[in-house]
Structure formats: structure tokens, C-alpha cells
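If you're matching positions, the sequence shown starts at 46 in our numbering and goes up one per residue.
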Amino acid sequence: MRAGDSSAVRSVFHPDARLHTALGPTDSTTVQSTPVDDFVQAAGQPREAVWDERIWDVEIRVDGPLASAWVPYAFYLGDEFSHCGVNTVQLVRQAEGWRILQLTDTRRQACDVPAEVQK
């Protein structure tokens, strides 16, 4: 994503991958779906302000060809904080390696972002 390389972004997704975002407060959460191709096009373009998703405290569990990752993140446009949350990622292992099958994220304006991640 930082490099703005759509081929590299596309290569990490399974052909049947899905992307969702859980938005809003717990009692009225809405789910927004994003086509993978739309995300690849947006993330894979060079831009003036680099898309910089900083992660920490990643938790991964694996059972054979299936893995699940819990990934807290803070998203920056260049050096400017944009939002934060958690990515939950389901991956499947194939001959080519691990591919994202499902990614669901939350987006908030306030998180406990570690100082070393904030830069």
C-alpha cells in the first residue's frame, strides 16, 4: 500500500476475497462492503500523501491451511493521523502461499496507539 503498487496489493488476495467494515457504535453497527478490485485500485495508486497503515500487537492463529489474524492499526495519510481500529483477517494457504480470504475492519478516531507506532 505504501508503494502504491496495485499488482503487489492484488497478489495478497484470494480470488474470492471479501472486504467489510463494521462502523458505528455497538448498538447500531452497520456493515459496509467494498469490492476487492475497488480497494486494489485505490490502494495501488501512487499518491502525494502515502497511505501508511501502522500495526502492532498482531495475534495469529493457524490450523493447517487456515489462519486468523487480529491486527490493531493506525492509518496515516503521510504524517497525518486519519483513523485507527482493528483488522480481522482470515487467510487460506495455497500453493502460491497465504492469501487473504476475508478482511473485516473497524474504524475509529481514537485508539490507544503506542508511542513507537505514532513516530
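Backbone N, C-alpha and C fix where the C-beta goes; we use that ideal spot for every residue, glycine too.
Problem set entry | Closest residue to Tyr118 among Ala155, Thr75, Val54, Pro91 (Cα-Cα distance) | By one-based count along the sequence shown, residue 118 stands at place 73. Considering only alpha carbons, the answer is Ala155.
Problem set entry | Best match in Pro91, Leu68, Thr79 for proximity to Leu122 [C-alpha to C-alpha] | For the purposes of this step, residue 122 is taken as residue 77 along the sequence shown, with counting starting at 1. Comparing Cα-Cα distances from Leu122 to each of Pro91, Leu68, Thr79, the minimum goes to Pro91.
Problem set entry | Val137 versus Ala114: straight-line alpha-carbon distance, rounded | Locating residue 137 in the sequence shown gives position 92, where the first residue counts as 1. Locating residue 114 in the sequence shown gives position 69, where the first residue counts as 1. Roughly 11 angstroms separates the two Cα atoms.
Problem set entry | Beta-carbon contacts of Ala67 that lie in its chain and below 7 angstroms, excluding the five residues immediately before and after | As a first step, residue 67 must be located in the sequence shown, where it is residue number 22. Cβ within range, chain order: Thr74, Val76, Thr149, Thr151.
Problem set entry | Phe126 to Phe120 span [Cα, whole Å] | Reading the sequence shown from its first residue, position 81 is the one you call residue 126. Reading the sequence shown from its first residue, position 75 is the one you call residue 120. Each residue's Cα considered, the two are about 6 angstroms apart.
Exercise. Mind checking whether Ala94 and Ile145 have CB atoms under 7 angstroms apart?
Worked result: Here the question's residue 94 lines up with position 49 in the sequence shown. Here the question's residue 145 lines up with position 100 in the sequence shown. No.
Problem set entry | Contacting residues, own chain, Cβ-Cβ under 6 angstroms from Arg99 (five flanking each side not counted) | Numbered from its first residue, the sequence shown carries residue 99 at position 54. Ala119, Val162, listed in sequence order.
Problem set entry | 7 angstroms Cβ cutoff met for Val54 and Val103 | Numbered from its first residue, the sequence shown carries residue 54 at position 9. Numbered from its first residue, the sequence shown carries residue 103 at position 58. Not closer than 7 angstroms, so no.
For this session: Note down, in chain order, each residue of its chain lying with its Cβ closer than 7 angstroms to the Cβ of His59, except the 5 sequence neighbours on either side.
Result: Here residue 59 refers to the residue found at position 14 of the sequence shown. These residues qualify, in order along the chain: Val137, Arg144, Ile145, Leu146.
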